[in-house]
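Sequences listed follow chains R and A, in order. Read left to right, the first sequence gives residues 0 to 340 (numbering that gives the first Met the number 0). Read left to right, the second sequence gives residues 0 to 340 (numbering that gives the first Met the number 0).
There are 2 protein chains.
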Amino acid sequence: MESRTEIASLGEFGLIEHLTKNIEIKNASSLVGIGDDAAVIDHFGRQTVLSTDLLLEGIHFDLSYTPMKHLGYKAVVVNLSDIYAMNAIPTQILLSVGFSNRFSLEALDEFYSGVYAACEAYQVDLVGGDTSSSQKGFVISVTAIGEVAPDAFVKRNTAKETDLICVSGELGSAFLGLTLLEREKKIFQETGAQPDLEGQKHIVGRLLKPEARKDIVAYFSDEGILPTSMIDVSDGLSSDIMHICNQSKVGCVLYEDKFPFNEDAKEFAYKLQLDPTACALSGGEDYELLFTIAQSDYEKIKLNPAISIIGYTTQASEGMNLITRGGNKHALVAQGWNHVK
Amino acid sequence: MESRTEIASLGEFGLIEHLTKNIEIKNASSLVGIGDDAAVIDHFGRQTVLSTDLLLEGIHFDLSYTPMKHLGYKAVVVNLSDIYAMNAIPTQILLSVGFSNRFSLEALDEFYSGVYAACEAYQVDLVGGDTSSSQKGFVISVTAIGEVAPDAFVKRNTAKETDLICVSGELGSAFLGLTLLEREKKIFQETGAQPDLEGQKHIVGRLLKPEARKDIVAYFSDEGILPTSMIDVSDGLSSDIMHICNQSKVGCVLYEDKFPFNEDAKEFAYKLQLDPTACALSGGEDYELLFTIAQSDYEKIKLNPAISIIGYTTQASEGMNLITRGGNKHALVAQGWNHVK
Numbered sequence: 000m001e002s003r004t005e006i007a008s009l010g011e012f013g014l015i016e017h018l019t020k021n022i023e024i025k026n027a028s029s030l031v032g033i034g035d036d037a038a039v040i041d042h043f044g045r046q047t048v049l050s051t052d053l054l055l056e057g058i059h060f061d062l063s064y065t066p067m068k069h070l071g072y073k074a075v076v077v078n079l080s081d082i083y084a085m086n087a088i089p090t091q092i093l094l095s096v097g098f099s100n101r102f103s104l105e106a107l108d109e110f111y112s113g114v115y116a117a118c119e120a121y122q123v124d125l126v127g128g129d130t131s132s133s134q135k136g137f138v139i140s141v142t143a144i145g146e147v148a149p150d151a152f153v154k155r156n157t158a159k160e161t162d163l164i165c166v167s168g169e170l171g172s173a174f175l176g177l178t179l180l181e182r183e184k185k186i187f188q189e190t191g192a193q194p195d196l197e198g199q200k201h202i203v204g205r206l207l208k209p210e211a212r213k214d215i216v217a218y219f220s221d222e223g224i225l226p227t228s229m230i231d232v233s234d235g236l237s238s239d240i241m242h243i244c245n246q247s248k249v250g251c252v253l254y255e256d257k258f259p260f261n262e263d264a265k266e267f268a269y270k271l272q273l274d275p276t277a278c279a280l281s282g283g284e285d286y287e288l289l290f291t292i293a294q295s296d297y298e299k300i301k302l303n304p305a306i307s308i309i310g311y312t313t314q315a316s317e318g319m320n321l322i323t324r325g326g327n328k329h330a331l332v333a334q335g336w337n338h339v340k
Numbered sequence: 000m001e002s003r004t005e006i007a008s009l010g011e012f013g014l015i016e017h018l019t020k021n022i023e024i025k026n027a028s029s030l031v032g033i034g035d036d037a038a039v040i041d042h043f044g045r046q047t048v049l050s051t052d053l054l055l056e057g058i059h060f061d062l063s064y065t066p067m068k069h070l071g072y073k074a075v076v077v078n079l080s081d082i083y084a085m086n087a088i089p090t091q092i093l094l095s096v097g098f099s100n101r102f103s104l105e106a107l108d109e110f111y112s113g114v115y116a117a118c119e120a121y122q123v124d125l126v127g128g129d130t131s132s133s134q135k136g137f138v139i140s141v142t143a144i145g146e147v148a149p150d151a152f153v154k155r156n157t158a159k160e161t162d163l164i165c166v167s168g169e170l171g172s173a174f175l176g177l178t179l180l181e182r183e184k185k186i187f188q189e190t191g192a193q194p195d196l197e198g199q200k201h202i203v204g205r206l207l208k209p210e211a212r213k214d215i216v217a218y219f220s221d222e223g224i225l226p227t228s229m230i231d232v233s234d235g236l237s238s239d240i241m242h243i244c245n246q247s248k249v250g251c252v253l254y255e256d257k258f259p260f261n262e263d264a265k266e267f268a269y270k271l272q273l274d275p276t277a278c279a280l281s282g283g284e285d286y287e288l289l290f291t292i293a294q295s296d297y298e299k300i301k302l303n304p305a306i307s308i309i310g311y312t313t314q315a316s317e318g319m320n321l322i323t324r325g326g327n328k329h330a331l332v333a334q335g336w337n338h339v340k
């Protein structure tokens, strides 16, 4: 970085002005944005959907390999993913940031450039937030607001027996990206060798700059599909399908050979002697949509190449099971991220 | 505390279940609460008001003299105060908490008991949030949601010239409470002497367990008063009236002899050789409502003993001034809390 400006030189209000001066409101529903006690949003005839996430340095992200711009982008996207997982369209975000004096104004600008890039990509307005110093580390809190047609929201606890279980995109790649970056970090710490990320742009991108599945929710709307339940895959497929099954009081059968993988990611997994299926089940941070649909919607779903049908729901008494490529049946176990260790 | 349960023994989902199992939804608009990707709120025919605050240990609160229950209560109330400052009624909150392994489940329960007490007192629903471990310290992020009749929200930038400037309740007491607690903490650290808070319950309460002025917003509604601008006093009267004046492009005259003080607080200020007026202007954390009204509303306002008229707005060119008890005129200076030091 060429120059370093101390954030303290602006003062709190100067900082907010600096960080938010280029905001352009994109949604007519954003009546009042930054600069008052609260934001005001007009949702006449729509229902409001809200989600919030806390992201803490050293717990959720490692700045030794996470560029600030990517961090800003990802902080927004992971929250929008929760809004899409309700079958809603995100419209606004509130963003709070806490930072120690280790961070320069340039670093904060990088972070916000990522935030604004995400706002642009997903057409959401930043309408409020808070900035604060912290004693240690970078603290991020994002609240996302979305809207949905009356009662068109999709919950986790409404899957029915014999529904099809579907997932968008690919699974396990972000976990492989994390494994690679952690490995290269360790090598760097031990030997000083520069990271070798050659040919692994895809999995690193999946970790550092995930996207939320706006397209899938738009597809549902276009095709008149209302999933019977939905969640985003943030803790790993195993943990997230369990949320749906437990809350809906159904069981499930998943087919290993139906899991969607990226070919490069799969190859990299084998190179590390990791099982791609285990990465999908327990990895997390995929930010894909996992949902169930009535069998009558099968014809509509099968046309979309971004959607894989990976199993079906059963009676709760049958439990939650995986049928392996070899035809064996295994009970699923939850091994998701547990940030409360 | 009698027992100590490690939070890790519950796991993340167990913890959320533990902390939220007694929630009862109070607002019909809370369609979906905790337990899904996002909350869903019905605001048909109303506008949605949103505010968020980040509260960090060592920056915003000191656990050496702040009971966890009070902290939970205050974290909610300071956010609700922002919603009232828009002339809106809070209806829901989202709460995220990060904590290191220094904190036991019992401590977290205490914190949440304060949160639920505030939810009860203000009739708001906790509908979402996030829990996480932190590397160090206690991290709180609260987002408050409120509703307001279409276009009845009140902003900071809409005061007119020759409006009356009003403030609710009393000023400066929370700052005196902070001064007392910081002094006793220092004495304890140096000598081991137990804090002497004898007779200072009021100012300590104003700091540790503030209330938001729900009653004032209800009064506006009952009397058909629409303030021309409003803000809550969180940074000190001086800083907050400047927000109104700068954003509304008006000046102001404040009268020192009209400032509302609590008699015990004033006496304590003199004991410490502090000027109560300086405490009001620069102290902060009062969470009173500071607002302007058209002169035509004077008759309605003067009937409410909880409201003091402390000055009036002028042309911007006249600046922002204080008329002292002695009749001298001083330009106001902003000396609010600056968390970005």
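All C-beta atoms, glycine included, are put in the ideal place defined by N, C-alpha and C.
Which residue or residues does DSSP assign as beta-bridge partners of Met229/R?
By one-based count along the first sequence, residue 229/R stands at place 230. Paired residue(s): Phe290/R.
Within 10 angstroms of its Cβ, does Glu317/A collect 16 or more other Cβ (buried), or is it exposed?
For this step, residue 317/A is matched to residue 318 along the second sequence. Exposed, by the Cβ-count rule.
Mind checking the stretch 83-95 of chain R against chain A and listing, in chain order, the residues whose C-beta falls within less than 9 angstroms of any C-beta there?
Tyr83, Ala84, Met85, Ala87, Gln91, Leu93, Leu94, Ser95
With distances taken Cα to Cα, identify the nearest neighbour of Tyr254/A among Ile202/A, Ser307/A, Leu302/A, Gly127/A.
Translated into positions along the second sequence, residue 254/A becomes position 255. Nearest of Ile202/A, Ser307/A, Leu302/A, Gly127/A to Tyr254/A, Cα basis: Ser307/A.
Taking only three categories from DSSP, how would you classify Leu271/R?
The residue you call residue 271/R lines up with position 272 of the first sequence. Here Leu271/R sits in coil by DSSP.
Using a Cβ-Cβ distance cut-off of 8 angstroms, determine whether Arg212/A contacts chain R.
Here residue 212/A is taken as the residue at index 213 of the second sequence, counted from 1. Output row for Arg212/A: interface = no.
Extent of the continuous alpha helix (DSSP H) run through Leu107/A
Counted from its first residue, the second sequence places residue 107/A at position 108. Its alpha helix (DSSP H) spans residues 104-121.
Through-space distance from Ala173/A to Trp336/A, alpha-carbon basis:
The residue given as residue 336/A occupies position 337 in the second sequence. The residue given as residue 173/A occupies position 174 in the second sequence. Residue placement at Trp336/A cannot be trusted, given a pLDDT of 39 that sits under 50; what the coordinates show is reported in the next sentence. If you take the alpha carbons of Trp336/A and Ala173/A, they lie about 13 angstroms apart.
To which residues of the same chain is Asp81/R closer than 7 angstroms at the C-beta, ignoring the five residues directly before and after it?
For the purposes of this step, residue 81/R is identified with residue 82 of the first sequence, where counting begins at 1. Here the set comprises Ser50, Ala143, Asp231.
8 angstroms is my cut-off, CB to CB: does Lys340/A come that close to chain R?
Your numbering for residue 340/A matches position 341 in the second sequence. Because the pLDDT of Lys340/A is 32, which lies under 50, any placement of that residue in the model is unreliable, and the number read from its coordinates should be weighed accordingly. By this cut-off, Lys340/A is an interface position.
Going by DSSP, what residue range makes up the beta strand (DSSP E) through Ser29/R?
Translated into positions along the first sequence, residue 29/R becomes position 30. Run containing Ser29/R: 29-31, per the beta strand (DSSP E) assignment.
Nearest neighbour of Glu11/R, chosen from Ser132/R, Pro259/R, Gln46/R [CA to CA]:
For the purposes of this step, residue 11/R is taken as the residue at position 12 of the first sequence. Looking at the Cα atoms, Ser132/R is the closest of the given residues.
Name the two residues that bound the continuous alpha helix (DSSP H) containing Tyr72/R.
Looking up residue 72/R in the first sequence gives position 73. Residues 67-83.
Can you list, in chain order, the stretches of the alpha helix (DSSP H) that have 4 or more residues and sit fully within the stretch 298-327 of chain R?
none
Could you compute how far the alpha carbon of Gly57/R sits from the alpha carbon of Val138/R?
Position 58 of the first sequence, counting from 1, holds the residue named residue 57/R. Position 139 of the first sequence, counting from 1, holds the residue named residue 138/R. Approximately 10 angstroms between the Cα atoms of the pair.
Inspect the beta-carbon positions of Gly250/R and Gln314/R and report whether they are closer than 8 angstroms.
What you label residue 250/R is simply residue 251 of the first sequence in a count that begins at 1. What you label residue 314/R is simply residue 315 of the first sequence in a count that begins at 1. Yes, Cβ-Cβ distance for Gly250/R and Gln314/R is below 8 angstroms.
Listed from N- to C-terminal order along the chain, which residues in the stretch 29-48 of chain R have their beta-carbon within a distance smaller than 9 angstroms of any beta-carbon of chain A?
Leu30, Val31, Gly34, Asp35, Asp36, Ala37, Ala38, Val39, Ile40, Asp41, His42, Phe43, Gly44, Arg45, Gln46, Thr47, Val48
Simplified DSSP assignment, three categories, for Ile24/A:
Start at 1 with the first residue of the second sequence, and residue 24/A comes out as number 25. Coil at Ile24/A, not helix or strand.
Please list, in chain order, all residues of the same chain as Phe258/A whose beta carbon is under 7 angstroms from its beta carbon, the five residues on each side excluded.
The sequence position of residue 258/A within the second sequence is 259, counting from 1. Counting only Cβ-Cβ distances below 7 angstroms, and skipping sequence neighbours, we find Leu170, Thr276, Ala279, Ile309.
Whole-angstrom Cβ separation of Gly113/R and Ile33/R, contact assumed at under 8 angstroms?
Walking along the first sequence from the start, residue 113/R turns up at place 114. Walking along the first sequence from the start, residue 33/R turns up at place 34. At roughly 18 angstroms, the Cβ-Cβ gap does not stay under 8 angstroms, so Gly113/R and Ile33/R are not in contact.
Can you give, in chain order, each stretch of the beta strand (DSSP E) that sits fully within the stretch 172-242 of chain A and has at least 3 residues?
Assignment of beta strand (DSSP E) within the stretch 172-242 of chain A, counting only whole runs of 3 or more residues, yields 228-231 in chain order.
CA-CA distance, Tyr286/A and His69/A?
Residue numbering aside, residue 286/A sits at position 287 when the second sequence is read from its first letter. Residue numbering aside, residue 69/A sits at position 70 when the second sequence is read from its first letter. Taking the straight line joining both Cα atoms gives about 15 angstroms.
Pairwise C-alpha distance: Ala293/A and Lys208/R:
One-based indexing of the first sequence puts residue 208/R at position 209. One-based indexing of the second sequence puts residue 293/A at position 294. Near 51 angstroms, if we compare the C-alpha coordinates of Ala293/A and Lys208/R.
Hey, could you find the ends of the beta strand (DSSP E) Ile15/A is sitting in?
For the purposes of this step, residue 15/A is taken as residue 16 along the second sequence, with counting starting at 1. Where Ile15/A is concerned, there is no enclosing beta strand (DSSP E), although the alpha helix (DSSP H) it sits in stretches over 10-19.
Proximal chain A residues relative to Asp129/R, where beta-carbon distance stays under 7 angstroms:
Taking the first sequence and counting its residues from 1, the one referred to as residue 129/R is at position 130. Here the neighbours are Thr51, Asp52, Leu53.
Distance between Met85/R and Arg182/R (C-alpha atoms, nearest Å):
Within the first sequence, the letter at position 183 stands for residue 182/R. Within the first sequence, the letter at position 86 stands for residue 85/R. If you take the alpha carbons of Arg182/R and Met85/R, they lie about 35 angstroms apart.
Tell me, please, which residues DSSP counts as bridged to Ile144/R.
Position 145 of the first sequence, counted from the start, is the residue given in the question as residue 144/R. Looking at the DSSP assignment, Ile144/R forms a beta bridge with Leu49/R, Gln91/R.
What in chain A is Cβ-close to Gln134/R, meaning under 9 angstroms?
Taking the first sequence and counting its residues from 1, one reaches residue 134/R at position 135. Residues of chain A passing the Cβ test: Leu55, Glu56, Gly57, Ile58, Lys135, Gly136.
Could you work out which residues of chain A lie near Ser167/R, taking near to mean beta carbons separated by less than 9 angstroms?
Counting from 1 along the first sequence, the entry for residue 167/R is found at position 168. For Ser167/R, no chain A residue has a Cβ inside 9 angstroms of its Cβ, as the nearest lies near 14 angstroms away.
Rounded to whole angstroms, how far is the Cβ of Met67/R from the Cβ of Val153/R, which I believe are closer than 8 angstroms?
As a position in the first sequence, residue 67/R is number 68, starting the count at 1. As a position in the first sequence, residue 153/R is number 154, starting the count at 1. 34 angstroms between Cβ atoms; not a contact.
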